[in-house]
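Residues 96 to 228 in the working numbering are what the sequence shown lists, from first letter to last. For glycine and all other residues, C-beta sits at the position ideal for the given N, C-alpha and C. Below you'll find the structure, written out as structure tokens, and then a few comments.
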Amino acid sequence: MPKERVFRKNYIFIVLVVAFLGYLIMVALDFSPYEQTIIRKERIGEFNTLYVTEGSAGATTQNTYKYYLYPSVKTEKEFLADVRDYPSVLFTSDSNVQMQLKGRYLYFTVKGTIYSFTNQSDSVFIYLNSTPF
96 MPKERVFRKN YIFIVLVVAF LGYLIMVALD FSPYEQTIIR KERIGEFNTL
146 YVTEGSAGAT TQNTYKYYLY PSVKTEKEFL ADVRDYPSVL FTSDSNVQMQ
196 LKGRYLYFTV KGTIYSFTNQ SDSVFIYLNS TPF
């Protein structure tokens, strides 16, 4: 009987340690010091609301500004819950972006760094004018 195979307690310990390390890695990857606050909210047409958020990652980084076109039927609380996973229309370092709405056309004038821009909206056409300074 001494040579019979049995399940050893060491294997259970190893499995638990690997599972715990996996959980720690998952929590560490989900952590982000980037905080966003809504600084402007404007209704764009009957289907969309434009949210402007100011993002800060700490005292040593420059603030960034994201512009979101979000469905008007949803509330501000729903927007804040979805903001991490929802794509922004414009992501810039300029705090004084000029916006102009003419019918279904939305014009952005940006002076500064543009990190990303997308014109993928069904009900509003978005145009961008930019200068580096």
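Exposure label - residue i; buried when at least 16 CB within 10 Å
i	result
Lys161	buried
Thr132	exposed
Phe203	buried
Val110	exposed
For residue i, the residue or residues it bridges with in DSSP
i	result
Glu171	The partner list for Glu171 (beta bridge, DSSP) is empty, contrary to what the question assumes.
Ile56	No answer is possible for residue 56: the residues shown for the chain start at 96 and end at 228.
Leu201	Leu196 and Ile221
Ser211	Phe186
Thr226	Lys206
Pair within 8 Å by beta-carbon distance, residue i and residue j
i	j	result
Leu164	Ile139	yes
Thr159	Gly153	no
Thr144	Val178	no
Phe115	Tyr146	no
Val168	Asp189	no
Enclosing beta strand (DSSP E) for residue i [first to last residue]
i	result
Gly117	Here Gly117 belongs to no beta strand (DSSP E); instead the alpha helix (DSSP H) covers Lys104 to Asp125.
Ser151	Asn143 to Ser151
Tyr162	Thr159 to Pro166
Please determine if the stretch 201 to 215 and the stretch 185 to 192 are in contact, where contact requires at least 3 C-beta pairs separated by less than 8 Å. yes
Any contact of the stretch 217 to 226 with the stretch 191 to 204, i.e. 3+ C-beta pairs under 8 Å? yes
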